[in-house]
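Okay, structure first, notes after.
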Amino acid sequence: MKCADGHAPAPRRVVADVRRMRHLDPHPVLTGIEASTCAYWHHRPARRTPLGGPDAPPGLLIASAHDPVTPIEGAHRLRHRLPGSRLVTLHQDYSHGVFASRGNACVDRTAAAYLVDGRLPAGDVHCTGPGLPVPGPRK
């Protein structure tokens with residue numbers, strides 16, 4: 001979530017531009033239109049917590065094995081920097097943002113248990129995705 005820790009309305013013309021371009025960019029998370037919110041951000045973080053500090057609670061990380069925006073290697077590195085955390089990996093998937101958007105019961109059930117009840121799985125979780133695209137014949 002970018003620039004979402006305070007109230008910062010974008011100018012009306014920016015909102016109008018985004019609405020006008022929606023048909024050209026139906027998946028703005030892949031092209032960066034969503035970052036326009038940050039252009040009008042006037043807030044500073046209230047505090048910074050050291051990543052993986054001794055008081056940091058364990059978290060649940062979720063990643064697609066073939067995410068083109070945030071490669072899985074970064075999720076593995078972050079997982080090791082956050083003691084006690086767990087990683088949910090959606091294999092056979094190439095999307096960015098898999099919780100509550102891909103319809104994967106394994107991912108959604110694990111994330112919901114953490115968000116609603118604060119329950120982390122006993123270990124890392126491996127979920128099976130819909131499959132990767134198969135290259136067609138060259139022309």
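Just so you know, we're using the UniProt record's numbering here: the sequence shown kicks off at 1 and counts up by one.
Backbone N, C-alpha and C define an ideal beta-carbon position, used for all residues, glycine too.
- Short of 7 Å from the beta carbon of Y114, and not among the five residues preceding or following it, lie these beta carbons of its own chain, in chain order: L60 and L120.
- Of all alpha-carbon atoms in R13, A105, S101 and S85, the one lying nearest the alpha-carbon of D124 is that of S85.
- For R86, the enclosing beta strand (DSSP E) stretches over residues R86 to H91.
- Excluding residues up to 5 positions away in sequence, nothing lies with its Cβ nearer than 6 Å to the Cβ of V15 in the same chain.
- Looking only at R12, I72, A63 and P83, the smallest Cα-Cα distance to A56 is reached by P83.
- By the CB criterion at 8 Å, T70 and Q92 fall outside the cutoff.
- Pairing A111 with F99, the inter-Cα distance amounts to about 7 Å.
- Going by C-alpha positions, P137 is about 33 Å away from V107.
- Contact annotation, Y94 with H66: C-beta distance approximately 4 Å; criterion of less than 8 Å satisfied.
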